[in-house]
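Data first, discussion second: the structure below is written as structure tokens.
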Amino acid sequence: MAITEITTYLHNMFSYSFSELICILLLAVLIDLVLGEPPEKIHPVVWIGTVIQFFKNRIPKNHQKLYGVLMALLTILFAALIAFVVVWFSHLYFLPAFVGVIIQAWFLKATFAIKCMVSPAKEMKKKLNHDDLEVVRDELKTYVSRDTSKLTKPQIMSAIIESISENYVDSILSPMLFFAVFGPLGLIAAYIFKAASTLDSMVGYKTEKYIHVGWFSARFDDVTNWIPARVSPVFIAGGAVLSNLMIGSGKSMEKLYAKDGFKLALSENKATPSPNSGWPMAAAAGSLHVRFEKPNTYVIGDQYREPVLRDIDRVSVLITITAVLSGAAACVLIYILYGILF
Numbered sequence: 002m003a004i005t006e007i008t009t010y011l012h013n014m015f016s017y018s019f020s021e022l023i024c025i026l027l028l029a030v031l032i033d034l035v036l037g038e039p040p041e042k043i044h045p046v047v048w049i050g051t052v053i054q055f056f057k058n059r060i061p062k063n064h065q066k067l068y069g070v071l072m073a074l075l076t077i078l079f080a081a082l083i084a085f086v087v088v089w090f091s092h093l094y095f096l097p098a099f100v101g102v103i104i105q106a107w108f109l110k111a112t113f114a115i116k117c118m119v120s121p122a123k124e125m126k127k128k129l130n131h132d133d134l135e136v137v138r139d140e141l142k143t144y145v146s147r148d149t150s151k152l153t154k155p156q157i158m159s160a161i162i163e164s165i166s167e168n169y170v171d172s173i174l175s176p177m178l179f180f181a182v183f184g185p186l187g188l189i190a191a192y193i194f195k196a197a198s199t200l201d202s203m204v205g206y207k208t209e210k211y212i213h214v215g216w217f218s219a220r221f222d223d224v225t226n227w228i229p230a231r232v233s234p235v236f237i238a239g240g241a242v243l244s245n246l247m248i249g250s251g252k253s254m255e256k257l258y259a260k261d262g263f264k265l266a267l268s269e270n271k272a273t274p275s276p277n278s279g280w281p282m283a284a285a286a287g288s289l290h291v292r293f294e295k296p297n298t299y300v301i302g303d304q305y306r307e308p309v310l311r312d313i314d315r316v317s318v319l320i321t322i323t324a325v326l327s328g329a330a331a332c333v334l335i336y337i338l339y340g341i342l343f
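Following this line, the structure appears as structure tokens:
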């Protein structure tokens, strides 16, 4: 009897209409665009990072690959547990349904970052405008995995623009798609993805210190982003078209080139060492008609000019509009999967 009751309760807890799922996602996007990131103390991704840091501080000298797998699995379990508790709490009998939707939207918002992704770039642009290159080189270390100490001004701008375009997949598109595809389990899926992404950012670098312990995390992150990365040029091309319609070609900003971005993504997606990052980066480079360069590693869009300051604004507009488009597409996907098919 007890098992039957538990099964019934879990079924009711994870029973959503497509309209509820869409409301949660749309509200999450709105919270992001209006409020940005929550304070660190109540940010679920910071909690996940704290767990990872706990394991990082205790890396053994031996069996590091096995330790890395256990670290990743326990972190993913912790993230999934956060989402499960949120869903459980949101469905308590005394909570009005709209309050539960708001709670889930707030926690879903924590898995992606639209406003926060472009804000640091705008601040660095101001400093570049005053030629504070050393300050920007130092700040850039937080956002890119390269030696920033000797980057020229165009290379600094390239790194900033590359970071925004690459992170579009990891920080926006992937968590939205995970939520949409998994529907009633979408919040848990988004948190599992976010745990994988955070693990990769903290231990997935190919350095001597993390080469073994971060191996599983890096590969798992590659797998979770594989499909989103390859559909990202479609969304970026759509974002370029919408950007041109909204800002007006030749007025406040230069025209964006959707077709060239899509073509460059198909031809130069393998330029980067990562199996995924080349897709959105090449799409952005072609859309902007800007050359990306990571010294001694890759060049994307060699036929285009070097980036200039205004290109930071251009990519910020492009990715922000693309992010909103991605949210709308995820809502359509939810409707198809859970409003029509199931």
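In our numbering, the protein residues as written are 2 to 343. Backbone N, C-alpha and C define an ideal beta-carbon position, used for all residues, glycine too.
| Query | Result |
| --- | --- |
| Own chain residues within Cβ distance below 8 angstroms of residue 336, not counting five before or after | 19 and 23 |
| Rounded distance between the beta-carbons of residue 217 and residue 29, thought under 8 angstroms | Contact doesn't hold; Cβ gap of about 29 angstroms is too wide. |
| Any alpha helix (DSSP H) of 4 or more consecutive residues that is wholly inside the segment 104 to 167 | 116 to 130 and 134 to 141 |
| Beta-carbon proximity check, residue 113 vs residue 177, cutoff 8 angstroms | yes |
| Other residues of its chain near residue 1: CB distance less than 8 angstroms, five sequence neighbours each side excluded | An answer regarding residue 1 cannot be provided, because it is not within the stretch 2 to 343 covered by the chain. |
| Contact set for residue 302: own chain, Cβ-Cβ below 8 angstroms, skip 5 residues either direction | 265, 269, 283, 286, 287, 290, 291, 292 and 293 |
| Beta-carbon contacts of residue 147 that lie in its chain and below 8 angstroms, excluding the five residues immediately before and after | 160, 295, 296 and 298 |
| Distance, residue 274 Cα to residue 206 Cα | 12 angstroms |
| Residue 37 classed as buried or exposed, judged by whether at least 16 other C-beta atoms fall within 10 angstroms | exposed |
| Among 154, 122 and 135, nearest to residue 144 - alpha-carbon criterion | 122 |
| For residue 54 and residue 86, the rounded distance between their alpha carbons | 22 angstroms |
| As assigned by DSSP and simplified to three states, the class of residue 301 | strand |
| Element boundaries [beta strand (DSSP E), containing residue 294] | 293 to 295 |
| Residues bridged to residue 315 (per DSSP) | Residue 315 pairs with nothing; no bridge assigned. |
| Beta-carbon contacts of residue 227 that lie in its chain and below 8 angstroms, excluding the five residues immediately before and after | 276 and 277 |
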